[in-house]
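Report on one structure; see the data block that follows.
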Amino acid sequence: MLDIRLIREKPDFVRERLATRCGGDEKKIDEVLALDDRRRKILAEVEQLKATRNRVSKEIGALMAQKKSAEAEAKKAETRELGDKITALDKQTVEIEQQRDSLMLQLPNLPGESVKIGQSAADNPEIRTSGEKAKLDFKPKTHVELCESLALVDFARAAKISGSGFLLYTGWGARLERALIQLLLDLHTGEHGYTEVSPPFLVNRDCMVGVGQFPKFADQYYGVQEGNDSATLGKLFLIPTAETPVANIHRDEILKESQLPIYYCAYSPCFRGEAGAAGVGTRGMIRVHQFDKVELIKITRPENGREELEKLVANAERVLQLLELHYRVIQLCTGDMGFASSMTYDIEVWAPGQTQYLEVSSCSNCEDFQARRMNLRFKTEGGENKFPHILNGSGTALARLFVALLETHQQADGSVLVPAALRPYLKTEKITRPK
RNA sequence: GGAGGGGUGGCAGAGUGGUCGAUUGCGACGGUCUUGAAAACCGUUGUGCGGGAAACCGCACCGGGGGUUCGAAUCCCUCCCCCUCCGCCA
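Structure (structure tokens):
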């Protein structure tokens, strides 16, 4: 959520920043301002009435105590209609607030001023690359071919169990997935200073609103129903990312400044509807309804948000370096950034079988946008309550990492060489077809 | 699923219609005393919104929402959450 004071004081600045997102949201600012203005006018009026009522009620109390009931009754009659006016004005205020807030919840975050202005992914600047595209002296197989020949993923039976877009890992495939999760968690907890948490995979509506998934994108997520009770529908949702529960851990709290920064990492499966998304229905593991991910979350002082984002990206990059994969880091332009973010880096890993880069991590500083939505603050040494910055990044997403790993480290004989860093976890140097 | 008991300030815990935004204790912070510390004593100690240059003033908040009343932490309705016991269950 944007700061209503900022909108009030610098509406032109807010409009200009919103316009860089190409979503047309800058047009809603006038409406927000009009509602805010009306709200404040009514509030001033109703609060004055309430002050009168409070004063008279106290006088009545005093009269009653002195047994002057006739005078008390007279004062009661005097203020009786005051209550009706107050009720009516209160109702108006609530309505206006609801309108204002529902508009505010639909407004995306302002892109940072250093972020490149652009329309789409084509405008995203490349920041750096690491390593080289694998030079294979044979025709590389795709991950689908490797998964089938090495019996790592049973696509057909996954579809039988759950439908298309789901994966059934088998044998070395299941072990590889588990080994990767373990490696990533150990890396981030052991070397990067994150505290591991294991959150619920079902969350309530408040969490979804808190990080910005609701209300605007409610159609992209899975909701669940308890038993046959359709009344429970819409109360719990399958998490699209561990960001949802983990960023909400401190919702509605006032942290001590000395607690910051907080670093959390969490493994979770991620559930996404992906209705209408590009690439839906393509074979393989690139776009699926459920995938595993290790997520990184930071809660920091506002002044440190910027540098903490750089460190976060570096933490995620380390994963790819350890797995000896070629990747590039890009920064999303204003038109391509997510709803809640003020600045985002994506990490894309090279997949030789696909001959394309795959997004395996998206690292964002949402600044105080989410903190406002979830009313998370910290108290400064000076006793002032401030909104912290909340950052999130994948460290990293697994299904696509799995793809890049297979396609990069495949051998001419059809086996897959396991990078050294992963061997202690997978306990083999090479993945071959089981007997 | 059945039965019962609860949700009050950082914590504990009073308060059942009228100066209650809330007694008190603990904790925390500031001060006095002390070489220093402890103890003792004194004081301070929630959040949000609106107005104001500021000092400050007003309004709201006792799990959430609604109602009764001149007036609600207190009465009524409703929802949520927690605890205990029984049943079921990984």
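Letter by letter, the first sequence follows residues 32 to 466 in the working numbering. Where is the CB? At the ideal position from N, CA and C, for every residue including glycine. Only a predicted model underlies this, so the values are computations on that prediction, with no experimental measurement involved.
If you follow the beta strand (DSSP E) that residue i is in, where does it begin and where does it stop?
i, result
"H420", "420-428"
"F322", "321-331"
"M32", "That residue, M32, is in no beta strand (DSSP E); it is neither H nor E in DSSP."
"Q362", "358-362"
"F161", "This sequence places Ser at residue 161; Phe is not what is there. That run of the beta strand (DSSP E) goes 157-161."
"A190", "Segment 186-193 is the alpha helix (DSSP H) holding A190; no beta strand (DSSP E) there."
"A382", "374-382"
"V146", "Premise fails: V146 is in no beta strand (DSSP E) and is neither H nor E."
"E227", "226-228"
Pick from the options: whose alpha carbon is nearest that of residue i?
i, options, result
"C178", "R314, T375, Y358, L327", "R314"
"G143", "S392, R337, Y388", "R337"
"L432", "K417, A382, D399", "A382"
"C394", "T331, V434, K342, K72", "K342"
"Q387", "V434, L49, A50", "V434"
"Y376", "M95, V146, K58, V449", "V146"
"L436", "R70, M316, D250", "M316"
"N279", "G241, S261, C301", "G241"
"L37", "A430, L141, F186, F268", "L141"
"T331", "E128, I293, R454", "I293"
"Y252", "A262, V125, G258, C301", "C301"
"K134", "V77, L33, L327", "Per the sequence shown, residue 134 should be read as Leu rather than Lys. For the residues V77, L33, L327, the minimum Cα distance to L134 belongs to L33."
"T110", "S88, P156, K58, E78", "S88"
"D132", "L214, L64, L216", "L64"
"K417", "T459, E334, A371, L448", "E334"
"E112", "F186, R84, A249, M405", "R84"
"A152", "G369, P455, F248, N396", "G369"
Between the beta-carbon of residue i and the beta-carbon of residue j, is there less than 8 Å?
i, j, result
"R46", "I60", "yes"
"S161", "H281", "no"
"K474", "S446", "There is simply no residue 474 to check, as the chain begins at 32 and stops at 466 in what is shown."
"L181", "W203", "yes"
"L49", "D43", "no"
"A428", "V391", "yes"
"H320", "F245", "no"
"G243", "Q123", "no"
"R70", "P139", "no"
"A210", "L457", "yes"
"I12", "C364", "This structure cannot speak to residue 12, because the chain is shown only from 32 to 466."
"V234", "L207", "no"
"L74", "I117", "no"
"E379", "I361", "yes"
"K106", "L94", "yes"
"E227", "C296", "yes"
"E438", "V449", "no"
"S299", "E257", "no"
"I35", "D68", "no"
"A430", "F169", "no"
Taking the continuous alpha helix (DSSP H) assigned at residue i, which residues delimit it?
i, result
"S180", "174-180"
"M405", "400-405"
"N346", "336-353"
"M95", "60-96"
"Q387", "Taken as a continuous stretch (DSSP letters only), Q387 belongs to no alpha helix (DSSP H), being part of the beta strand (DSSP E) at 387-396."
"D217", "203-221"
"A249", "Note, A249: premise wrong, no alpha helix (DSSP H); not H, not E."
"R48", "42-50"
"P276", "274-278"
So if DSSP puts residue i in a beta bridge, which residue, or which two residues, is it bridged to?
i, result
"A452", "None; A452 has no bridge partner."
"Q130", "Partner(s): none; Q130 has no beta bridge."
"R408", "I285"
"P300", "D323"
"L264", "Beta-bridge pairing links L264 to no other residue."
"L233", "L269"
"Q441", "V447"
"K116", "Per DSSP, none; premise fails for K116."
"N259", "Paired residue(s): none; N259 is not in a bridge."
"Y294", "K329"
"N416", "K410"
"I462", "V447"
Review point. With contact counted as at least three CB pairs below 8 Å, one residue from each stretch, are the segment 160-178 and the segment 416-425 in contact?
Key: With a cut-off of 8 Å, the segment 416-425 and the segment 160-178 do not count as touching, because too few Cβ pairs lie within range.
Check your understanding: Touching or not, the segment 215-230 and the segment 343-351, by the rule of three or more beta carbon pairs under 8 Å?
Key -> Yes: at least three Cβ pairs fall under 8 Å.
Check your understanding: Are there three or more Cβ pairs, one per stretch, closer than 8 Å when the segment 280-296 is compared with the segment 399-411?
Key -> The segment 280-296 is in contact with the segment 399-411.
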